[in-house]
Amino acid sequence: MPPPPVLLNELLEDVFLCLPPDEPEHLVRASSVCKPWCSILADPGFRRRYRELHGTPPVLGFFQNIRRGCQFLPASAFRPAGADFRKWVAMDCRHGRVLFRAKSLDIKVHYEFVVWDPMTGNECRVPLPDMSLICFSATVLCATEGCDHHGCQGQGGAFRVAVISTTRTRVTKATSACLYSSETGLWSELTTVNNLDASGQNTIMTSIIVDNALYFNSVGNHIVKYQLATLDLSLFKKLIRCGGELITTEDGGLGFASLNYITLTLWSRETSPDGAVGWARHRVIHLMKLLPHSALLTRSVPYIISAHVFMDGAQVIFLGAHFSVYMVELKSGRSRKVLEQLGKIMDIIPYASFCIPGVEAASTGQGQ
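The sequence shown begins at 11 in the working numbering and counts up by one.
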């Protein structure tokens with residue numbers, strides 16, 4: 011009996027491209043079959059085409075800060091590689107990296123930042139800036155020139171860390187910012203603005219990037235804008251008496267999502283014909299049409315957990331309802347449950363990435 015025909019690499023690649031990114035164990039199994047299959051999956055061309063085909067990276071899990079430190083809540087078979095982050099505090103996750111505050115390895119220094127790649131386990135320790143860090147937030151972002159941020163994970167490369175700090179004393183109410191570059195290993199000069207609304211509440215603020223500027227959703231009535239090119243710092247008012255999260259609009263502009271029981275309202279920052287800049291209601295989403303009845307027919311009122319922009323033009327917001335986390339795609343209006351846990355779920359940071367074998371050292375639970 012003749013041996014079975016050998017599949018052409020092109021046909022195999024077409025099959026691999028159809029494997030779902032939110033179930034990374036399928037790609038891992040394929041890579042372990044034989045060296046030729048592993049070579050196909052490790053090829054940069056295949057990895058690029060896979061990301062282009064599937065668009066938005068899947069949510070692989072969440073980092074949650076708890077009283078004892080930090081834990082990873084899986085939303086897939088993916089498990090992070092390397093570092094023991096259980097005693098760290100997660101600050102941000104973007105462009106394939108997670109930013110933590112951790113105890114320093116240097117006994118002369120109390121704390122430092124750790125920039126960590128969950129795919130490879132690679133970490134880089136960053137000294138804290140010389141500024142007040144009683145009430146602050148920090149963000150990590152890719153700094154590789156020309157990168158489209160579709161495949162930052164597992165690639166290393168340059169990065170930046172931005173820190174926003176609020177100081178409130180009897181005589182001073184101010185917000186300050188500075189920027190770290192991994193290429194120079196230095197922090198920029200401190201930029202400070204007066205902030206009469208400065209809060210002494212130590213809460214990690216979510217941030218988004220719009221037109222090379224970072225926007226932080228502060229505890230008070232203002233949004234903080236930090237220009238990454240010029241390092242200019244400014245404040246402007248958010249929606250009055252409106253809690254919610256910063257998002258990006260479909261055209262890539264600055265937006266805001268507010269939640270009133272089962273009604274999610276999307277706002278956009280627009281300029282009127284007379285030059286005035288303000289908030290305009292863009293869209294209203296009724297959660298009765300999105301979430302299952304079991305999530306709404308309880309005493310538990312839905313609440314916004316966090317907003318996170320995975321890719322340009324893809325807006326995703328996470329809602330907590332009845333001990334579960336639902337991911338709502340703002341553009342399509344689709345939703346699905348991504349996490350279920352006993353107790354109210356708060357203070358989580360989503361980790362979204364493509365898990366393609368060949369470079370990563372992370373685990374998907376296979377063979378364990």
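Ideal placement from N, C-alpha and C gives every residue a C-beta, glycine not left out. For clarity, every value in this text was computed on a predicted model and none was experimentally measured.
Minimum Cα-Cα distance from F95 among the listed residues R111, W47, V335 corresponds to R111. Within the segment 46 to 119, complete beta strand (DSSP E) segments of at least 3 residues are found at 69 to 76, 79 to 84, 99 to 104, 107 to 113, given in chain order.
Distance from the CA atom of C103 to the CA atom of T179, rounded to whole angstroms, is 31 Å. For R346, there is no enclosing alpha helix (DSSP H); the enclosing beta strand (DSSP E) covers residues 345 to 350. Two segments are said to touch when three or more pairs of C-beta atoms, one from each, lie closer than 8 Å; by this definition the segment 252 to 266 does not touch the segment 170 to 190. With respect to the 7 Å criterion, F72 and I358 are classified as neighbours on the basis of their beta carbons.
Looking at the DSSP output, N204 shares a beta bridge with A184. Counting every other CB atom within 10 Å of its CB across the protein chains shown gives N205 a total of 16 or more, marking it as buried. For I272 against L241, the beta-carbon gap comes to about 42 Å, at or over 8 Å, which does not count as contact. Distance from the Cα of N75 is smallest, within the candidate group P360, D127, P139, F364, for P360. With a beta-carbon spacing of about 5 Å, S278 and G265 fall inside the 8 Å limit used to define contacts. The C-beta distance from V220 to G262 rounds to 7 Å, short enough to meet the 8 Å contact threshold. Looking at the DSSP output, V25 sits in no beta bridge, so it has no partner there. For A85 and S363, the gap between their C-alpha atoms comes out near 12 Å.
Setting aside the 5 residues that flank it on each side, P367 is surrounded in the same chain by L37, V38, S41, L51, each with a C-beta closer than 6 Å to its C-beta; the list follows chain order. Per DSSP, reduced to three states, the secondary structure at V43 is coil, with no helix or strand assignment. In chain order, M141, S186, C188 place their CB closer than 7 Å to the CB of L200, counting only its own chain and leaving out the 5 sequence neighbours on each side. L196 carries a strand assignment under DSSP once its states are collapsed to helix, strand and coil. Excluding residues up to 5 positions away in sequence, E122, V124 lie with their Cβ nearer than 6 Å to the Cβ of R135 in the same chain.
In this structure, DSSP gives K247 an extended state, which the three-state scheme calls strand.
When DSSP reads this structure, K235 sits in a beta bridge with Y225, S244.
Measuring C-alpha to C-alpha distances from K97 to each of G106, G79, Q325, S114 identifies G79 as the nearest. In this structure, the alpha-carbon of H120 lies about 10 Å from that of L138. L340 is positioned such that its CB atom lies closer than 7 Å to that of Q325.
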